[in-house]
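Below is one structure, written out as structure tokens; the observations come after it.
Residue numbers (the working numbering), protein chains in the order written: chain F, 1 to 121; chain S, 1001 to 1121.
So, in structure tokens, the structure goes:
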């Protein structure tokens, strides 16, 4: 069984769509790097049961991303917000040095506060 | 059975998590405003089957939102982007009228392009 470490990231987004057993198995396997045997012992199920849980969980995680695109869209959002923040810093720097406009300062302040809020979602 | 029209919005986000039958029943009921009897006829199942499908679908939709918060976060995102756009317009207006800085113009252009991209997600 090959490990695809994207699963670990998908788990952050869609872990709550899994059953407790599926989530535990995937966490042990991808986050804690336990062997199938060790996981089987921890969960008190067979090695084949662990393998099935992980395979089923991976299918659910990938289907959820295929349908909802949370991981992809979150990356786009983070990149977009970062670009906006950089350009606001450019405008802010110019305003501090050259134009000294309070109206611009005020708008920059509001935009930075919004960017901080959007970083939280 | 009372109609909660939030379901229609949740359907836009999480409809793909439903089975075809569940989704069709909910669409007929909330989007097309058909009666349970009409839906039963269209889907060739019993009225009770329709009722069960819709109830089950609603549970899935609300649980998905509870877990993933796509509807809530999308609202926050749209509001945040709108506020940023308004403040960029303020800065743009001031720059056009008073400061005439190409460096500011260039940054505004990049920010507006990013906002357009983020509006698409």
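Built from N, CA and C at the ideal position, the CB exists for glycine as well.
Below 8 Å on the Cβ atoms is my guess for residue i versus residue j; work out the distance and round it to an integer in Å.
i: residue 37/F; j: residue 47/F; result: 6 Å
i: residue 1030/S; j: residue 1003/S; result: 7 Å
i: residue 10/F; j: residue 65/F; result: 6 Å
i: residue 67/F; j: residue 1017/S; result: 7 Å
i: residue 50/F; j: residue 39/F; result: 5 Å
i: residue 62/F; j: residue 1099/S; result: Contact flag wrong, Cβ pair sits at about 50 Å.
Within 10 angstroms of the Cβ of residue i, are there 16 or more other Cβ atoms? Answer buried if so, exposed if not.
i: residue 1095/S; result: buried
i: residue 1035/S; result: exposed
i: residue 1082/S; result: exposed
i: residue 1080/S; result: buried
i: residue 120/F; result: exposed
i: residue 1041/S; result: exposed
So the candidates are the options; which of them puts its Cα closest to the Cα of residue i?
i: residue 7/F; options: 58/F, 20/F and 19/F; result: 58/F
i: residue 75/F; options: 116/F, 61/F and 13/F; result: 13/F
i: residue 1019/S; options: 1111/S, 1120/S and 1056/S; result: 1056/S
i: residue 44/F; options: 61/F, 21/F and 54/F; result: 21/F
i: residue 1115/S; options: 78/F, 72/F and 62/F; result: 78/F
i: residue 1052/S; options: 1032/S, 1026/S and 1118/S; result: 1026/S
i: residue 117/F; options: 1097/S, 1113/S, 1073/S and 1091/S; result: 1073/S
i: residue 33/F; options: 49/F, 15/F and 54/F; result: 54/F
i: residue 1112/S; options: 1015/S, 1091/S and 1101/S; result: 1091/S
Worksheet item: Can at least three beta-carbon pairs, one atom from the stretch 77-92 of chain F and one from the stretch 1100-1112 of chain S, be found at a separation below 8 Å?
Response: yes
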